[in-house]
Structures are given as C-alpha cells and as structure tokens.
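**Q** If you count the sequence shown from 1, position 211 lands on 211 in UniProt numbering, and the numbers rise without skipping.
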Amino acid sequence: MTDPKKVYLSVVVPVFQSEAGLKELIDRLKVVLFSISSEVELILVDDGSSDGSWGIIAKAASEDSFIKGLRFSRNFGQHHAISAGLDLVQGEWTVVMDADLQDLPEEIPMMLTKAQFGYDAVLARRTGRKEGWITKILSVVYYRVFYFMSGIKQDPSIGNFGVYHRKVIDSILKMKESNWYFPTMVHWVGFKQSTFNVTHGKSTSIKSNYIFSSKFRLGLNTLLAFSDKPLRLTVKLGLLVAFIGFLFALITMFRYFTGAIVVQGYASMIVSLWILFGCLLTTIGIVGLYVGKTFEGVKKRPRYIVDQKT
C-alpha cells in the first residue's frame with residue numbers, strides 16, 4: 001500500500017469497454033508517471049465493462065503496487081466512476097483522464113508544470129477534435145443552452161482531462177448530490193484555474209461508449225442539478241399566457257358589446273386551448289423533473305457499488 005503522506009501525483013481513469021487500448025494506456029502512464037516522481041498512484045475504475053477490461057486492470061494491479069483497481073457491480077456512468085476514484089486518491093495533485101487514449105498521457109508533465117505557476121487546476125483544451133460535425137454542432141448548442149439556463153460558461157473543447165490540486169478535489173467531494181458531472185463541478189468550486197492546449201488523440205474504442213440518448217440524459221441531469229432557471233421560465237411563461245388571455249378577453253368583450261361578434265371564435269378558442277394545455281403540460285413536466293430529482297436525492301442511495309477491488 002502506498003504511504004498516503006508520500007503520494008505526490010494520483011491518476012484516476014474511468015474505464016468502460018476499453019479493452020482494446022487499456023494495456024497501452026497503462027504502459028504509457030507508467031513511463032510518464034515515473035518520469036515525474038516515484039510517489040505516484042494509478043486508480044482504474046471499471047464501470048461495469050462486459051469485455052476484458054477488468055482482467056487487464058487486475059493483472060496490472062498484481063504486477064505493480066502503485067496501481068489500484070475498482071470494479072462496479074454494474075454500469076453506473078463515467079462520472080460516478082470518476083467520483084469513486086476521487087474517493088480513493090491520496091495525492092497532492094490528481095489527474096483525471098479518459099481510457100480511450102484520446103487524452104494523451106504524455107501531456108500530463110506539461111500540464112503539471114503549468115500548475116506550478118500558482119494554479120489550482122489546469123484543464124486540457126482539446127485541439128483538432130476528432131469528432132463528426134453533427135457531434136460538434138450538438139455540443140456547441142448544448143453548452144450555449146446550458147450557459148443560458150445556468151449562468152455557468154463552459155468550453156466544449158474541455159472535458160475531464162486535467163490536473164487538480166488536493167483542495168479542488170476535497171471541495172468537489174463535499175458536494176453530496178446524486179447527479180455528478182465532473183467538469184461542471186470543477187467550474188463551480190472555483191479556485192485559480194487555467195487551460196492548456198493538448199492534442200486530441202485517436203480513440204481506441206471501436207464505437208463511442210456514449211450514444212445520443214445517454215448524452216442527452218447526462219446533459220439534462222446536469223442542467224437540473226445546477227440550475228432552477230427552467231422553473232423560473234415556466235412562471236414567466238404562465239404570466240405571459242395569462243396576460244395574453246386577459247387581453248383576448250377584453251377584446252372579446254368589447255366586440256360583443258359593440259355588436260361586432262355574435263357566435264364566432266370556435267377556431268380561435270380551439271387554438272387557444274391547445275396552446276394553453278401545451279404550456280400547462282410543459283410546466284407540469286418541468287416541475288415533475290425537479291420533483292423526480294428531489295425524490296432520487298432523498299432516497300440517499302450510494303452513487304456506485306463496488307463489486308471487486310485490488
């Protein structure tokens with residue numbers, strides 16, 4: 001077991017269906033980490049993979065004492081895997097990175113060097129991102145909507161990859177909500193942060209581990225966790241609809257008493273009802289989402305369950 005007082009650098013890697021490139025990642029991390037310090041630890045968290053990822057982790061941990069492995073009982077999600085790794089880290093500095101080699105281990109020393117200039121977090125800004133144009137457009141749209149709704153401005157080219165000081169990690173671990181989204185939490189806790197441009201490597205995954213529905217669900221959960229603006233917008237929408245309805249009532253009464261209307265307005269009434277009920281159902285749906293998240297939180301279920309550890 002590594003002496004907790006002597007760990008300088010910890011690395012947390014969430015792993016899911018990463019068998020293809022995991023051994024290469026571990027080998028490259030060994031070279032990089034020991035070029036920085038001998039006081040290091042590598043924590044690999046298997047998020048319920050069905051391939052051979054856990055076998056590679058277990059073998060690596062049996063060969064090197066600085067490597068630790070956790071295996072979840074099922075797939076709980078990448079950011080819960082990150083939280084499990086952060087629960088174990090002992091280092092003065094912590095690196096969080098993905099397992100598919102899009103985050104290059106060789107960038108770590110340069111980010112760590114920049115952190116020594118008084119920064120508590122150095123976030124990797126990916127250049128030359130190897131993603132489809134549809135993914136890029138959806139990413140930009142999401143972050144703009146998220147900024148509008150939450151007031152938290154995030155860069156689409158910044159993900160989990162970065163170097164974080166102990167006090168940043170400790171502050172994040174104090175956040176007890178059930179919905180975790182690591183980049184937003186890093187932004188929320190503050191401290192002195194900077195960015196460092198890195199090369200976006202080629203993924204070793206045969207296909208993306210995140211389909212559109214998963215990304216949408218993650219984005220929605222993050223928005224609900226960090227903003228109540230949707231609720232406030234529904235109040236404004238309700239007031240606007242009520243105001244329009246009041247004006248419509250005044251106009252109708254005026255036309256009735258001046259003899260300009262006898263029995264008309266069937267079409268306008270039906271359209272108005274459809275719009276009104278649409279707004280009403282949308283409002284109920286938004287409130288329901290927040291109630292659902294509150295219900296999920298009060299159950300106090302663990303964020304993850306560990307099946308095996310090395």
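Even glycine gets a Cβ: it sits at the ideal position worked out from N, Cα and C. These numbers come from a predicted model, not from an experiment.
1. Look at the alpha carbon of Thr258 and the alpha carbon of Ala249, and state the distance between them as a whole number of angstroms.
2. So, helix, strand or coil for Trp180, using DSSP?
3. Counting along the chain, where does the alpha helix (DSSP H) carrying Gln78 start and finish?
4. Assess, as a yes-or-no matter, whether the region 91 to 99 is touched by the region 157 to 171 under the definition of 3 or more beta carbon pairs within less than 8 angstroms.
5. So if DSSP puts Glu41 in a beta bridge, which residue, or which two residues, is it bridged to?
6. For Phe191, which residues in the same chain have their Cβ closer than 8 angstroms to its Cβ, ignoring the five residues on either side in sequence?
7. Would DSSP call Ser50 helix, strand or coil?
8. Going along the chain, which residues of its own chain have a beta-carbon closer than 8 angstroms to the beta-carbon of Gly285, five neighbours each way excluded?
9. Measure how close the beta-carbons of Val45 and Pro14 come, nearest whole angstrom, since I'm counting them as under 8 angstroms.
10. Counting C-beta neighbours from all protein chains within 10 Å, is the total for Tyr181 16 or more, i.e. buried, or is it exposed?
11. Assign Phe243 to one of three DSSP states: helix, strand, or coil.
12. Once DSSP output is grouped into helix, strand and coil, what is the label at Phe248?
13. What does the alpha-carbon distance come out to for the pair Arg232 and Glu19?
**A** Quick answer:
1. For the purposes of this step, residue 258 is taken as residue 258 along the sequence shown, with counting starting at 1. For the purposes of this step, residue 249 is taken as residue 249 along the sequence shown, with counting starting at 1. Cα-Cα distance, rounded: 14 angstroms.
2. Counting from one through the sequence shown, the residue named residue 180 turns up at place 180. In this structure, Trp180 counts as coil in the three-state DSSP scheme.
3. Position 78 of the sequence shown holds residue 78. It spans Gln78 to Leu88 - the alpha helix (DSSP H) in which Gln78 sits, taken as one unbroken run.
4. In this structure the region 157 to 171 touches the region 91 to 99; the number of beta carbon pairs closer than 8 angstroms is three or more.
5. Here residue 41 is taken as the residue at index 41 of the sequence shown, counted from 1. Ser10, per the DSSP bridge assignment.
6. The residue given as residue 191 occupies position 191 in the sequence shown. For Phe191, where only same-chain residues beyond five positions count, the Cβ hits under 8 angstroms are Asp120, Ala121, His165, Lys167, Val168 and Ser171.
7. Residue 50 sits at position 50 when you count from the first residue of the sequence shown. DSSP places Ser50 in coil when its eight states are reduced to three.
8. Taking the sequence shown and counting its residues from 1, one reaches residue 285 at position 285. If we look at Gly285 and ignore the five residues flanking it on each side, it has no Cβ neighbours.
9. On the sequence shown, residue 45 is found 45 positions in, with the first residue counted as 1. On the sequence shown, residue 14 is found 14 positions in, with the first residue counted as 1. Indeed, because the Cβ distance is near 5 angstroms, the residues count as touching under 8 angstroms.
10. By 1-based counting over the sequence shown, the position of residue 181 is 181. It counts as buried.
11. Sequence index remark: in the sequence shown, residue 243 carries index 243 (1-based). Helix.
12. Taking the first residue of the sequence shown as 1, we reach residue 248 at position 248. Here Phe248 carries a helix assignment [DSSP, helix/strand/coil].
13. Within the sequence shown, residue 232 is the residue found at index 232, counting from 1. Within the sequence shown, residue 19 is the residue found at index 19, counting from 1. Those two C-alpha atoms are separated by around 45 angstroms.
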